[in-house]
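Okay, structure first, notes after.
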């Protein structure tokens, strides 16, 4: 075994060995319990980030843990086609490389180009996952646009449509004017900006006036350019200023459109003037108001965000209407929104209709993909009618068929599901699942799995031209089918029957609505069990927080605080790090900012820590549902932990290889430290399983760290050095046996968290234990056994540890170096103390470097000593080495305070009537005896303190 732990030398060869041998596959034993995790598919568009590493580490810990319990495990992997992001990336690529835009390619050629690019992108992601140690079944890897997924998507769409749960309608959507597609809320970034609010006069119609005699009312707006699309002005029903005007009409400036004054709670009488213009075709709140009041809707913008030549006029249902004149003044036609605002304000000002302009803080939605301001626009889209689907999905969580961990996220789920809106599932892209609908020349459409099916079901002859819908489905639609489509649905495959419902989903709280809720709805709609009842997609949802930087800020490329997991595994130089972080950022100010941040945080780059240290850090920082602040110092610390395990293992191997370790049924005697470590490890196993079952991966890491570092390496290995140097042959055999047994068991226990280092060491230790199996990852996880607990040994060795630590502290007090011998005095009236000393004298003398250890008799003079109190004993050394008593006086003061606290507690107990009434007489007499002993000891220490003060 190499002297130095170098993860770079061991990790990749071990992973290749695991994968080649097929250890990640389910074992297929149907007599064992099944356990399945479906990995949330990462997008093919990018590299894995810290969020991926975090969640995948948690999943790998769980799957390895369950696999080592003998379960038939499957970790299903795959990637997502990431419709809009992929189209942008490949579009930009051909623009840079070939000087073309994707429209010049044509749809078929462009899609073919994306498939070619996808091969390399998927390979890159899968390689990164391998570096993290993910034990996924690669032979089952899926893609959300592979043949099986496409079949599932068509099947679900057709079924939903035939059950009247999918419809096509003109409604308001978030529109990206650059990419010219509808986008989801998750693809929107709300940016705070300073702006203005305008107070604009709208003249009242038909000669009416306000109760103040004015012929106009003043509305407030932050988007004056949308005046061209107004179809009402709303006032609050309880606003007395405008009660007489409700139901009357006014005139929209510039276009002279006569529109009603309506009563609606959307108008807040405390904001602005209390009058709000309603533009149902370009504002979501206004769209809701328009729906309630059956208002017409006007679309004044083109799909690229410019003012139309003529408005499109629709009724509330989205059907064409002629209720209003569609004319738009010539001077505004073709203007981009910002310029249109400027020109409209100029026109309003010239008409004397602007009363006031005030500064105002605005939240403006921007497309995360293109960066442009999002425009709500009326477009024809496909929708899923979600309320019927949501009802059964809510009940699944209420009835605990599905449970959230932590439980509080149920409330977020319920709140959204109870107010759920219909889901816009169409996108105006080329890359994605093309909607299975065909149009004839009259605009009629036919939904079917294929054109042939559409013709057959609707009696359409071959002479009728049919054209497939150009739009594709929202990426979330196909990923919402992931748990069952990846297992072979719509076919009734063996995998589907075996592993569905899946066991657990690991995901972030930020996509509970966009993905998790939709998965539950669509799975329960599509998948039925043998009794015809809806199946849930998973039984447990483990929600993680987000990984933030050390200052609590969200990691983002523009902030320059993103850390690639592989940079921490392999290391990276400062220059290379700056180069990566500033790649494809074109603003000099941002580049300078990123360079400064990176130089400050990583002046020497990042050194290689290995996958195990990264995984252990991620587990240790995990706290259910809470955000994580990444800490490089913790990573450094856990790299030291791996090194500690490595060096401890080297010690074990050096003292056990080619030696009789008692595994051939030879006689052996276990020392007190052997019995102690077996008991401590067994308690560790119990705590470990409890933490695992409760998804407390932070506690799992802490349990492993505490036992490995403090109990095994720091104490037990030190104890064994004494036994190996001074023990009999049977004692040596017992200690060697325990060393090997504990290390091999510890490697199994730690394997789910740190798989590489444990496998490497286990390959050496298994030989000593006569294990012929090829890999650690298929070994059984250690189980708790009451037979291995010896409370007496635990108390004895814990006392020995306390005595050794106290002796070392006394050395420091008198400034006596560790290499110099020491005479130690011990005073006690406890027979257990005398027994412990006699049974562990060799340990005490060797690890405390004692020449002599003397048990004091009652009344012996110890006035010229330094002392240290431990449990049931006082340790003393003569003060030959110093004439400064101040330190000992301070120590005596602390010891007296401790005794006083204990005496106070016992007194309180003995004065408690409940204790005296119910406690056995033996317990009461023991407490009374202990109180007398403590008071005597307190008097003795006070006398000693007084004597030292006199010196």
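Residue numbers (this note's numbering): 170 to 1120.
Note that the Cβ used here is the ideal one computed from N, Cα and C, for glycine as well.
On the DSSP bridge list, what partners appear for residue i?
{"i": "residue 910", "result": "Answer is none; residue 910 lacks a bridge partner."}
{"i": "residue 432", "result": "404"}
{"i": "residue 534", "result": "359"}
{"i": "residue 330", "result": "Residue 330 pairs with nothing; no bridge assigned."}
{"i": "residue 1042", "result": "1039"}
{"i": "residue 738", "result": "Its beta-bridge partners do not exist; DSSP assigns none."}
{"i": "residue 175", "result": "Beta-bridge pairing links residue 175 to no other residue."}
{"i": "residue 311", "result": "247"}
{"i": "residue 993", "result": "1022"}
Quick check on DSSP: helix, strand or coil for residue i?
{"i": "residue 695", "result": "helix"}
{"i": "residue 527", "result": "strand"}
{"i": "residue 938", "result": "coil"}
{"i": "residue 882", "result": "helix"}
{"i": "residue 506", "result": "helix"}
{"i": "residue 368", "result": "strand"}
{"i": "residue 768", "result": "helix"}
{"i": "residue 864", "result": "coil"}
{"i": "residue 374", "result": "coil"}
{"i": "residue 961", "result": "helix"}
{"i": "residue 752", "result": "coil"}
{"i": "residue 839", "result": "coil"}
{"i": "residue 466", "result": "strand"}
{"i": "residue 919", "result": "helix"}
{"i": "residue 278", "result": "helix"}
{"i": "residue 927", "result": "helix"}
If you compare alpha carbons, which of the options is closest to residue i?
{"i": "residue 452", "options": "423, 901, 479, 397", "result": "397"}
{"i": "residue 1115", "options": "332, 1062, 1066, 1090", "result": "1062"}
{"i": "residue 671", "options": "186, 206, 176", "result": "206"}
{"i": "residue 292", "options": "276, 217, 254, 275", "result": "217"}
{"i": "residue 575", "options": "637, 646, 710", "result": "710"}
{"i": "residue 668", "options": "652, 676, 316", "result": "652"}
{"i": "residue 456", "options": "510, 403, 333", "result": "403"}
{"i": "residue 855", "options": "906, 889, 955", "result": "955"}
{"i": "residue 536", "options": "657, 354, 454, 476", "result": "354"}
{"i": "residue 948", "options": "930, 237, 208", "result": "237"}
{"i": "residue 531", "options": "359, 638, 686, 435", "result": "359"}
{"i": "residue 842", "options": "959, 170, 760", "result": "959"}
{"i": "residue 1082", "options": "798, 1093, 696", "result": "1093"}
Output yes or no for whether 8 angstroms exceeds the beta carbon distance between residue i and residue j.
{"i": "residue 573", "j": "residue 689", "result": "no"}
{"i": "residue 921", "j": "residue 174", "result": "no"}
{"i": "residue 202", "j": "residue 172", "result": "no"}
{"i": "residue 849", "j": "residue 876", "result": "yes"}
{"i": "residue 467", "j": "residue 482", "result": "yes"}
{"i": "residue 965", "j": "residue 1008", "result": "yes"}
{"i": "residue 335", "j": "residue 599", "result": "no"}
{"i": "residue 346", "j": "residue 464", "result": "no"}
{"i": "residue 633", "j": "residue 516", "result": "no"}
{"i": "residue 693", "j": "residue 584", "result": "no"}
{"i": "residue 611", "j": "residue 647", "result": "no"}
{"i": "residue 777", "j": "residue 282", "result": "no"}
{"i": "residue 1069", "j": "residue 1113", "result": "no"}
{"i": "residue 944", "j": "residue 994", "result": "no"}
{"i": "residue 887", "j": "residue 840", "result": "no"}
CB of residue i to nearest heavy atom of the ligand COA: below 7 angstroms?
{"i": "residue 249", "result": "In the structure shown, the ligand COA is absent, as is every other ligand, since no ligand is present at all."}
Between residue i and chain B, is there a C-beta pair that is closer than 8 angstroms?
{"i": "residue 956", "result": "Here there is only one protein chain, and chain B is not present."}
Counting beta carbon pairs with one atom in the stretch 503-511 and one in the stretch 372-379, are three or more of them shorter than 8 angstroms? Counting C-beta pairs closer than 8 angstroms gives fewer than three between the stretch 372-379 and the stretch 503-511, which falls short of the contact rule.
Check whether the stretch 198-214 touches the stretch 611-626, taking contact to mean three or more Cβ pairs, one atom from each stretch, closer than 8 angstroms. no
When you compare the stretch 376-394 with the stretch 545-557, are there three or more beta-carbon pairs, one atom per stretch, that lie closer than 8 angstroms? no
Okay, do the stretch 805-815 and the stretch 723-743 touch, 3+ Cβ pairs below 8 angstroms being the bar? no
The stretch 891-903 contacting the stretch 913-927, beta-carbon criterion three pairs below 8 angstroms: no
Inspect the CB distances between the stretch 241-261 and the stretch 636-652 and report whether three or more fall short of 8 angstroms. yes
Could you tell me whether the stretch 297-306 touches the stretch 588-595, where touching means 3 or more Cβ pairs closer than 8 angstroms? no
Given 8 angstroms as the limit, is there contact between the stretch 1062-1076 and the stretch 1008-1019, that is, 3 or more CB pairs closer than that? no
Using 8 angstroms as the Cβ pair cut-off and three pairs as the minimum, do the stretch 219-229 and the stretch 299-317 touch? yes
Pairing CB atoms from the stretch 790-802 with CB atoms from the stretch 719-739, are three or more of them under 8 angstroms? yes
Is it the case that the stretch 863-873 contacts the stretch 820-838, given that we only count it when at least three CB pairs across the two stretches are under 8 angstroms? no
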